[in-house]
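>
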Amino acid sequence: MSATQTTSRPATAATTPLSRMASLARAELTLLGRTRGALVAALFVPLVMPVSVRSAAEEMDLAGAGLSTGTLVLPAAFGFSLLFAVYSVLVGVFVVRREELVLKRLRTGELRDAEILAGSALPAALTGLAQCLLLTVGCVALLDLSAPSAPHLVVIGLLLGLVMCAALAAATASFTKTGESAQATPMPLLLVSMMGSGMFVPLELLPDKVASVCELLPLTPVVTLVRGGWTGNLSGYEALGALATAMAWILIGVFAVRRWFRWEPRR
Amino acid sequence: METNGHEHVIEVTDLRRVYGGGFEAVRGISFSVRRGEIFALLGTNGAGKTSTVELLEGLAEPAGGRVRVLGHDPYTERAAVRPRTGVMLQEGGFPSELTVAETARMWAGCVSGARPPAEVLALVGLEAKAGTRVKQLSGGQRRRLDLALALLGDPEVLFLDEPSTGLDAEGRRATWELVSALRDGGTTVLLTTHYLEEAENLADRLAIMHDGLIATTGTPAEVTAAEPSRISFELPEGYFVGDLPPLGELGVAGHETEGRMIRLRTRELQRTATELLMWAARAGVELRRLDVRSASLEEAFLGIAKNVSAERATGTTTKEYAA
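The listed protein sequences correspond, in order, to chains G and E.
Just so you know, the first sequence maps onto residues 179 to 445 in the numbering used here.
Just so you know, the second sequence maps onto residues 28 to 350 in the numbering used here.
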């Protein structure tokens, strides 16, 4: 047994938050590739759903609202990607890792709590980001979409959406007991977002009162910023409002995680 | 902390842990572990061993009392403690779809000054399983993987929660050798176990826990010294207890009878045994099922467990009367 022969070993560097998260993210990426359900949700759904939005778009009076098929479909596609490839997948990841006692094990090491959550979320977030890039290319090529008038709003909207979906996924996982129930607990946000966040029906086409409530939903500011970034129709006031709503949801998510997130299964 | 060259690596004072439902799992315990020592927490299931170790690992905040590991609070000063400790939880904690090598590589990326993953896998005899998914490992192999990961950072302090549960006899022996070698190299080890043999073989000092308290503590020799030795035999046909020489004169501290079986407790095993056997020789009788054994950890352990169940039994009776 050479348990204690350490003299030949160079004093390797101490870990940093980044190196630790990278190591965890690499393992999670491997795991993502080995989980069939997550793969389908992450890759297939967000790339297919926009087609149905497109067929719905043909029956709407988009021009009257200053929209085109492209500016309806692309923000919706971003939304699907965030909901399915990031949010739903991460609820499952957090819950399953908790059930497997992986989160508890990780907490015995040098990783801080936030690093564990962020490192685990990274592969799904990157998948979502890659999909959005791909969807943009697809929409530009197939739907005659021109370049965005305010690209910075698109970028801000997408980044806020990624962080928000990761935070809300961890918050949802706080209230999800088993891997099986992780199939169901993301449903409320999925449905509410698809109906009310301007993905299938733009808020511009909704009655004012309904629209003003829908503006407060988590994914609405993301869709609004992405769409506004493309059309250039968003006033500074509206953009700030969307920004504030998105930040508020991120803060709510972070607060819920700090308050209720469970690191080990209930026994 | 440095006293007479004995640095206390772990210091626990009046430690308490209360769970959400109000259940008090640890009810005020104190002990300390010196550098380079193997300290065992021994106890039945539910005695509070794991609840205690989790506080030492910094996984939870104590409800009361104080923990110091390497001079720091493991819960509030996580960053100062974690790079210097290695932890083996009571149960797994690995993604089932990763291979052994991938799991080790992931951990190595999270450990300051990590040894090469292949090296620690070889240390626990898992090198042949490097490409195997964790879900395909046996319970014993998972235990060994957990031990390997705990050793990745060459920790100064090692927490092992039931390190040999699920291992076969050979694996257990190998784990003991490895842990002893680590201790000899200066590693401080705190382990929990419900195997008396493990504590007896491995521990420099131990504490027996029950019901959230430490019932007794010391070196294995000290703990067993407090216990009486035992002689048991079957009374020969036609003899009664009264026919034996006066037990007090044999150095017997107490006795129990169960059918024809007699059990004597003594602190002078040699004298009692000699007198008893000489009496049997003089009387020309054979003491069937004769068993002479010196005090063991098992006696201490069972004695404590028995007191507990006796207490519980009384508790139940009182309750019934109260109702």
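Idealized CB from N, CA, C, for every residue including glycine.
The structure presented is a predicted model; accordingly, all values stated were derived computationally and were not measured.
Answer with buried or exposed for Val218/G, where buried requires no fewer than 16 other C-beta atoms within 10 angstroms of its C-beta.
Here the question's residue 218/G lines up with position 40 in the first sequence. Around the Cβ of Val218/G, a 10 Å sphere holds fewer than 16 other Cβ atoms; the residue is exposed.
> Alpha carbon to alpha carbon, how far is Ala345/G from Leu311/G?
Position 167 of the first sequence, counting from 1, holds the residue named residue 345/G. Position 133 of the first sequence, counting from 1, holds the residue named residue 311/G. The C-alpha of Ala345/G lies about 22 Å from the C-alpha of Leu311/G.
> By the three-class DSSP mapping on this structure, what secondary structure does Asp181/E have?
As a first step, residue 181/E is located in the second sequence; it is residue number 154 there, counting from the start. The answer is coil: DSSP assigns Asp181/E none of H, G, I, E or B.
> Who are the neighbours of Val138/E on chain G, taking C-beta pairs under 8 Å?
Stepping through the second sequence from its first residue, residue 138/E is reached at position 111. Correct list: Thr193, Gly287 and Glu288.
> Cα-Cα, which of Val36/E, Leu329/E, Thr220/E and Leu229/E is closest to Leu205/E?
Working through the second sequence from its first residue, we reach residue 205/E at position 178. Here the closest residue by C-alpha is Leu229/E.
> Take every Cβ of the region 66-74 of chain E, pair it with every Cβ of the region 38-50 of chain E, and state whether three or more of those distances are shorter than 8 Å.
no
> Measuring straight from C-alpha to C-alpha, what distance separates Thr198/E and Leu217/E?
Locating residue 198/E in the second sequence gives position 171, where the first residue counts as 1. Locating residue 217/E in the second sequence gives position 190, where the first residue counts as 1. Thr is not the amino acid found at residue 198/E; the sequence shown has Gly there. So the alpha carbons of these two residues sit roughly 19 Å apart.
> Please determine if the region 285-295 of chain G and the region 356-372 of chain G are in contact, where contact requires at least 3 C-beta pairs separated by less than 8 Å.
Below 8 Å, too few C-beta pairs join the region 285-295 of chain G and the region 356-372 of chain G to call them touching: fewer than three.
> Could you pull the DSSP bridge partners for Met115/E from this structure?
If you number the second sequence from 1, residue 115/E lands on position 88. Met115/E is bridged to Leu187/E.
> Using a Cβ-Cβ cut-off of less than 8 Å, list which residues of the region 116-148 of chain E approach chain G; keep chain order.
Leu116, Glu118, Gly119, Gly120, Phe121, Pro122, Ser123, Glu124, Leu125, Glu129, Thr130, Arg132, Met133, Trp134, Ala135, Gly136, Cys137, Val138, Ser139, Gly140, Ala141 and Arg142
> Sort Ala307/E, Ala107/E, Val36/E and Leu187/E by Cα distance to Asp270/E and report the nearest one.
Against the second sequence, residue 270/E aligns to sequence position 243. Measuring from the Cα of Asp270/E, the nearest candidate turns out to be Ala307/E.
> Leaving out five residues before and five after Arg232/E in sequence, what residues of the same chain have Cβ atoms less than 6 Å from its Cβ?
In the second sequence, residue 232/E corresponds to position 205, counting from 1. Here the set comprises Phe66 and Thr246.
> Along chain E, in chain order, which residues have C-beta atoms closer than 9 Å to that of Arg276/G?
Looking up residue 276/G in the first sequence gives position 98. Those do not exist, as Arg276/G stays about 10 Å from chain E at its closest Cβ, beyond 9 Å.
> Taking the alpha carbon of Thr220/E as the reference point, which residue from Leu277/E, Ile235/E and Pro110/E has its own alpha carbon closest?
Start at 1 with the first residue of the second sequence, and residue 220/E comes out as number 193. Per the Cα distances, Ile235/E.
> For a contact meaning CB atoms closer than 7 Å, what does Glu84/E contact in chain G?
Stepping through the second sequence from its first residue, residue 84/E is reached at position 57. Those within 7 Å of Glu84/E in chain G are Thr286.
> Taking 8 Å as the threshold (beta carbon to beta carbon), is Thr305/G in contact with chain E?
As a position in the first sequence, residue 305/G is number 127, starting the count at 1. No, because no Cβ of chain E sits closer than 8 Å to the Cβ of Thr305/G.
> Between the Cα of Asp238/E and the Cα atoms of Pro122/E, Lys333/E and Gly92/E, which residue gives the shortest distance?
By 1-based counting over the second sequence, the position of residue 238/E is 211. Comparing C-alpha distances from Asp238/E to each of Pro122/E, Lys333/E and Gly92/E shows the shortest one belongs to Lys333/E.
> Taking its Cβ as the centre, do 16 or more other Cβ atoms sit within 10 Å of Thr329/G, making it buried, or is it exposed?
On the first sequence, residue 329/G is found 151 positions in, with the first residue counted as 1. Before going on, a small fix: residue 329/G reads as Pro here, not Thr. Exposed, since its Cβ has fewer than 16 Cβ neighbours within 10 Å.
> I believe Gly113/E touches Leu178/E by the beta-carbon criterion, under 8 Å. Please report the beta-carbon distance rounded to the nearest angstrom.
What you label residue 113/E is simply residue 86 of the second sequence in a count that begins at 1. What you label residue 178/E is simply residue 151 of the second sequence in a count that begins at 1. Right, their Cβ atoms sit about 6 Å apart.
> If you reduce the DSSP assignment to three classes, tell me which class Gly265/E lands in.
As a first step, residue 265/E is located in the second sequence; it is residue number 238 there, counting from the start. If DSSP states are grouped into helix, strand and coil, Gly265/E belongs with coil.
> Drop a sphere of 10 angstroms on the beta-carbon of Val264/G, count the other beta-carbons inside from all chains shown, and report buried for 16 or more, exposed for fewer.
Residue mapping note: residue 264/G aligns to position 86 of the first sequence, counting from 1. Under this definition Val264/G is a buried residue.
> Have a look at the DSSP bridge pairing and note the partners of Met198/G.
If you number the first sequence from 1, residue 198/G lands on position 20. Note on residue identity: the sequence assigns Arg, not Met, to residue 198/G. Answer by DSSP bridge pairing: none, since Arg198/G is not bridged.
> Name the residue from Pro190/E, Thr214/E, Leu209/E and Gly278/E whose alpha carbon lies nearest to the alpha carbon of Thr299/E.
By 1-based counting over the second sequence, the position of residue 299/E is 272. Closest in C-alpha terms to Thr299/E, from the list Pro190/E, Thr214/E, Leu209/E and Gly278/E, comes Gly278/E.
> Whose Cβ in chain E lies nearer than 8 Å to the Cβ of Leu209/G?
Here residue 209/G refers to the residue found at position 31 of the first sequence. Those within 8 Å of Leu209/G in chain E are Pro122, Glu124 and Leu125.
> Look at the alpha carbon of Glu347/E and the alpha carbon of Ala322/E, and state the distance between them as a whole number of angstroms.
Within the second sequence, residue 347/E is the residue found at index 320, counting from 1. Within the second sequence, residue 322/E is the residue found at index 295, counting from 1. Low confidence applies here, because Glu347/E scores a pLDDT of 28, under 50, leaving its location unreliable; read the following figure in that light. The C-alpha of Ala322/E is placed about 37 Å away from the C-alpha of Glu347/E.
> Verify the CB distance criterion: does Arg109/E have a CB-CB separation below 8 Å to chain G?
Residue mapping note: residue 109/E aligns to position 82 of the second sequence, counting from 1. Output row for Arg109/E: interface = yes.
> With three or more beta-carbon pairs closer than 8 Å as the criterion, would you say the region 248-259 of chain G touches the region 274-283 of chain G?
no
> Check whether the Cβ of Ala226/E sits closer than 7 Å to any heavy atom of the ligand COA, and report yes or no.
Absent from the structure shown: the ligand COA. Ligands present: none.
> For Val273/G, would you say it is in contact with chain E, using Cβ-to-Cβ distances shorter than 8 Å as the test?
Looking up residue 273/G in the first sequence gives position 95. Not closer than 8 Å to any Cβ of chain E, the Cβ of Val273/G fails to qualify, so no.
> In three-state terms, what does DSSP make of Leu351/E?
This structure does not reach residue 351/E, given that chain E is present from 28 up to 350, and the question cannot be answered.
> Skipping 5 residues on each side, what residues in its chain have a beta carbon closer than 8 Å to that of Met133/E?
As a first step, residue 133/E is located in the second sequence; it is residue number 106 there, counting from the start. Cβ within range, chain order: Leu125.
> Can you tell me which of the three DSSP states Ser123/E falls into?
As a position in the second sequence, residue 123/E is number 96, starting the count at 1. Here Ser123/E sits in coil by DSSP.
> Could you check whether Val161/E and Pro101/E sit closer than 8 Å to each other, using their CB atoms as the reference points?
Residue mapping note: residue 101/E aligns to position 74 of the second sequence, counting from 1. Residue mapping note: residue 161/E aligns to position 134 of the second sequence, counting from 1. No, they are not a contact pair.
> Determine the chain G residues that contact Val114/E at a beta-carbon separation under 7 Å, and present them in chain order.
Numbered from 1 along the second sequence, position 87 holds the residue referred to as residue 114/E. Those are Thr286, listed as they occur along chain G.
> Return yes when the Cβ of Arg54/E is within less than 8 Å of the Cβ of Val36/E, no when it is not.
Taking the second sequence and counting its residues from 1, the one referred to as residue 36/E is at position 9. Taking the second sequence and counting its residues from 1, the one referred to as residue 54/E is at position 27. Against a cut-off of 8 Å, the Cβ pair of Arg54/E and Val36/E comes out as no contact.
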